[in-house]
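Asks: Got a structure for you, questions after.
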Amino acid sequence: MTTTQPVDQQSGSTKRGDSAATDTGTDTDGTNGASANAGATVKRGFPKIGPILPARLRPVNRPTMLIEIVLVLVGYYCYRVTQNAASHGHDAPFHRGRDILNLEQTLHIDAEHWLNHTVDKITWLIVGMNYYYATLHFIVTIGVFIWVYVKFPERYRAIRTAMFAMNAVALIVFYLYAVAPPRLLDPSHFIDTFCVHHTWGRTSCGGVAGLSGSVTNEYAAMPSLHIGWALWCGLAMAHLAKRKWVKVVGILYPVATFLVIITTAQHYVLDMVGGLMVLAAGFLVQRILLGRPAYSAPPPMELVEIPLQGGSAANGTAAKPTEFPSDGTTTSAQT
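Be aware that the sequence shown starts at 5, since it is given in the working numbering, and climbs by one per residue.
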């Protein structure tokens, strides 16, 4: 009776979850492995990170859409929790916003005020930026999600995990460190472009991206998830797209998003740094959980047949094959 097990494509030895030929110094045929590998070059690289999840919790096939919808709903519920928590202390978010502005002035990177007042004089441009902020944040992100889900099913779970982990880290920051955006500070300092230009027909101020303040967190400036999501989308497009113009769009999209969020007084310059940090944290969590880069395909597995211990065709018992992922751990796969 036989089962399948992957072969290391460089050495030709089969991998096992509990031991490997290179660990014992012998080849699979019992010969000394030292002489066979004489003169081989040892490649050194970054230390391996993860995975901490067992193989059965790291499938490479895409999940059902229902699962993804449930995860999104759970994420939105957590977002509402942070919104309610932030609304209880109105003074602290404003003090933190002013502290961020003071730090930017010390570092001479406070470009928000100049951009906000300069571009506001060009009506068609600032209105276009308002609608960019209000729409593309969701449209592009959902579009990239669907694109990766359909076109790259073996990569989808890893890429999605990085996004969800980033959001989880950001929500913790929103809960612990609520920050008011520039547009909600002293009105004489910043222009609320959404309010002034009545984006989406609004007649009153407050709310984000044309939405009522009852469904948005007004004090979620730091970190900027507009930047985090835009970079997540841009990296996916730059890594996975085949057409060069799509790659270029993926590179330019986060840059344009940064200019928009600053000019419309929705975020501070340092909020971009916060967005970068939570995105990096999301990718780190994904790497620890799954043990491979988010945008790379799972390593290929070459399968061979080996004798199966226990059970035989003679006595009529049939042993079930076992899948051996690339890291050597095993998962049951009934056929």
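C-beta: ideal position from N, C-alpha, C; glycine also.
Leaving aside the five residues before and after Thr26 along the sequence, list all residues of the same chain whose C-beta is less than 6 Å from its C-beta, in chain order.
Replies: Unreliable placement is indicated for Thr26, whose pLDDT of 42 sits below 50; the coordinate value is still reported in the next sentence. None.
Asks: Could you pull out every residue in the same chain whose Cβ sits closer than 6 Å to the Cβ of Ile113, ignoring the five residues on either side in sequence?
Replies: If we look at Ile113 and ignore the five residues flanking it on each side, its Cβ neighbours are Val273.
Asks: Kindly identify the DSSP beta-bridge partner or partners of Val183.
Replies: Ala224
Asks: So what's His230 in DSSP terms, helix, strand or just coil?
Replies: helix
Asks: Given a cut-off of 7 Å, decide if Val264 and Met170 are closer than it, judged by their beta-carbon atoms.
Replies: In this structure, Val264 does not lie closer than 7 Å to Met170 by Cβ.
Asks: For Trp204, name the three-state secondary structure that DSSP assigns.
Replies: helix
Asks: Where does His99 land, buried or exposed, given buried means 16+ other C-beta within 10 angstroms?
Replies: exposed
Asks: Give the range of the alpha helix (DSSP H) segment to which Thr122 is assigned.
Replies: 116-123
Asks: Beta-carbon within less than 7 Å of Thr261's beta-carbon, same chain only, minus the 5 sequence neighbours each way: which residues are those?
Replies: His230, Ile231, Ala234
Asks: I'd like the span of the alpha helix (DSSP H) that includes Leu3, first residue to last.
Replies: Any question about residue 3 goes unanswered here, given that the chain covers just 5 to 339.
Asks: Can you name, in chain order, every residue of its own chain whose Cβ lies under 8 Å from the Cβ of Val177, other than the five neighbours on each side?
Replies: Met226, Pro227, Gly278, Val282
Asks: Excluding five sequence neighbours on each side, which residues of the same chain lie with their C-beta closer than 8 Å to the C-beta of Ala269?
Replies: Once the five neighbours on either side are set aside, the close Cβ partners of Ala269 are Glu116, Asn120, Pro185, Pro186, Arg187, Phe194, Ile195, Asp196, Thr197.
Asks: Apart from the five residues on each side of it in sequence, which residues of its chain come closer than 6 Å, Cβ to Cβ, to Ile73?
Replies: none
Asks: Compute the Euclidean distance between the alpha carbons of Arg102 and His271, then round it to the nearest angstrom.
Replies: Using only the alpha carbons, I get a separation of about 12 Å.
Asks: For Arg247, which three-state DSSP category applies?
Replies: coil
Asks: Which one of Gly295, Ser300, Pro97, Ala284 has the shortest CA to CA distance from Ala182?
Replies: Between Ala182 and the set Gly295, Ser300, Pro97, Ala284, the nearest pair of CA atoms involves Pro97.
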